[in-house]
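Encoded as structure tokens, the structure appears first; notes follow it.
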Amino acid sequence: MIAETVCSAVSAAGLGIAAVTAYRKRFLAAVRVAAYSLVPIGLVMTGVVEWLADTAFSPTAWAGFGVLGLAWVLFTTTRMVERRRGGTRKERRAAARAADRPDAVAPGASAPSLGQGARPAARPAAAPRGEDDFSDIEAILKKHGI
2 MIAETVCSAV
12 SAAGLGIAAV
22 TAYRKRFLAA
32 VRVAAYSLVP
42 IGLVMTGVVE
52 WLADTAFSPT
62 AWAGFGVLGL
72 AWVLFTTTRM
82 VERRRGGTRK
92 ERRAAARAAD
102 RPDAVAPGAS
112 APSLGQGARP
122 AARPAAAPRG
132 EDDFSDIEAI
142 LKKHGI
């Protein structure tokens with residue numbers, strides 16, 4: 002009974018604020034305030050407030066919320082453990098069977114697939130320091146016509 006009275010008062014006050022807001026030529030904000038202020042009276046009219054009041058003072062309802070919370074904790078715990086182990090029991094058994102097979106890897110998988118290939122030539126001996134240091138630069142400049 003008290004909850005219904007409080008919700009009605011809140012709705013009336015909200016509609017009053019909406020009227021003042023509309024008087025100030027802020028119609029969009031006034032409509033938004035009116036919409037919010039109609040929610041509590043709508044909840045009273047549908048019976049949600051009475052149901053909440055009955056539920057809030059019911060020990061059976063609180064025990065039910067506790068059981069739901071425990072179920073949620075158990076579900077999340079098992080999901081975390083499952084992710085750490087790498088999947089479900091069925092997936093772990095399939096992975097163990099695949100690891101036990103001797104031909105799990107292709108026979109020639111460790112052999113290089115491209116063969117020998119062209120190996121780079123041995124590095125040229127380092128040029129002695131001195132006049133030859135600028136020979137590469139001279140070649141580049143000559144190539145560009147400088």
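Letter by letter, the sequence shown follows residues 2 to 147 in our numbering. Just so it is clear, CB atoms sit at the ideal spot from N, CA and C, and this is done for glycine as well. Here the structure is a predicted model, which is why all the values come from computation and not from measurement.
Can you grab the Cα-Cα spacing for the pair alanine 64 / glycine 70, in whole Å? When rounded, the separation of the alpha-carbon atoms in alanine 64 and glycine 70 is 10 angstroms.
Helix or strand or just coil, what does DSSP make of lysine 143? helix
Compute the Euclidean distance between the alpha carbons of isoleucine 3 and alanine 72, then round it to the nearest angstrom. 34 angstroms
When you compare each of Thr6, Asp101, Arg93 to leucine 46 by their alpha carbons, which one comes out closest? Before going further, note that residue 46 is methionine rather than leucine in the sequence given. Minimum Cα-Cα distance from methionine 46 among the listed residues Thr6, Asp101, Arg93 corresponds to Thr6.
Given this structure, state the Cα-to-Cα distance separating serine 136 from isoleucine 147, to the nearest angstrom. 14 angstroms
Is it buried or exposed, isoleucine 42, if we count other Cβ atoms within 10 angstroms and call 16 or more buried? buried
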